[in-house]
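Step one of this worksheet: look at the structure below.
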Amino acid sequence: MSSWFRTKGTKDTSAGSEEPATGATIYVRAVIDVAGVLQDFPDVTTDAETPTVVSFDGGQIIVTTTSGTVDQSTGDLTLNASLGDSVCFYAKSGSNNFEDAVLVQRLDQTVDEAVLEDAALLKLPQIEIAPAAQAGEQPAKSVEQDFWFWQCTVVGEGTQTFSLILALYDRDEAGQPRFAGLYRWDLQLTVLCSPPPDENTQQQERTP
717 MSSWFRTKGT
727 KDTSAGSEEP
737 ATGATIYVRA
747 VIDVAGVLQD
757 FPDVTTDAET
767 PTVVSFDGGQ
777 IIVTTTSGTV
787 DQSTGDLTLN
797 ASLGDSVCFY
807 AKSGSNNFED
817 AVLVQRLDQT
827 VDEAVLEDAA
837 LLKLPQIEIA
847 PAAQAGEQPA
857 KSVEQDFWFW
867 QCTVVGEGTQ
877 TFSLILALYD
887 RDEAGQPRFA
897 GLYRWDLQLT
907 VLCSPPPDEN
917 TQQQERTP
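Numbering (the numbering used here), first residue to last: 717 to 924.
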């Protein structure tokens, strides 16, 4: 299995040094049953080249867009996108990483023909909403938080098998996160591309 396309490393946009992504952004969330995976696959490895393979029922995929469909029984993910769109992958545990936790360590491809390229670990600061100090009090508080995604760019149409390499964590007796092992979750991604609207056509549609 080869490493994912052209990995660009980590992007930190907090300083405003990166160009904003063009096109639409599709978010793909993997919700992992960390406790269940650790119980069903106890013989884990910490070797980054040979992570332990887990079955599809070890988690769920959620596509935060109306342009995607997921077959949870097979791990097949279909996206309707345009060339240049961004796809952002991230993972959470069932407790939202409050107890057991999971991070996407990297993305791997299993075929030569890529429909996504330029994968990079992306750090994005954003203002998050937090509950107010008193129950029922409005407005809610605004808190700045850093969000992490593996962001890729849609470069073609087709079907590609790929893997999420997941780092799983439980907690020790003191409640501190403890690395529990690396796991590989194989998925199949199909991208159906639609060309971006022609500028002349858009102008004609706006002309009365």
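Glycine residues also receive a C-beta, built at the ideal position from the N, C-alpha and C atoms.
query, result
"Cβ pair residue 894, residue 886 closer than 8 Å", "yes"
"Assigned secondary structure, residue 844 (DSSP; H/G/I helix, E/B strand, else coil)", "strand"
"Inter-residue spacing [alpha-carbon to alpha-carbon] between residue 906 and residue 889", "43 Å"
"Rounded Cβ spacing between residue 818 and residue 750 (contact assumed at less than 8 Å)", "6 Å"
"Residue 867, buried or exposed, once every other Cβ within 10 Å from all chains shown has been counted against 16", "buried"
"Residues bridged to residue 870 [DSSP beta-bridge criterion]", "832"
"Of the listed residues 876, 909, 883, nearest to residue 764 (C-alpha basis)", "883"
"Exposed unless 16 or more other CB atoms sit within 10 angstroms - verdict on residue 897", "buried"
"DSSP state of residue 791 mapped onto helix, strand, coil", "coil"
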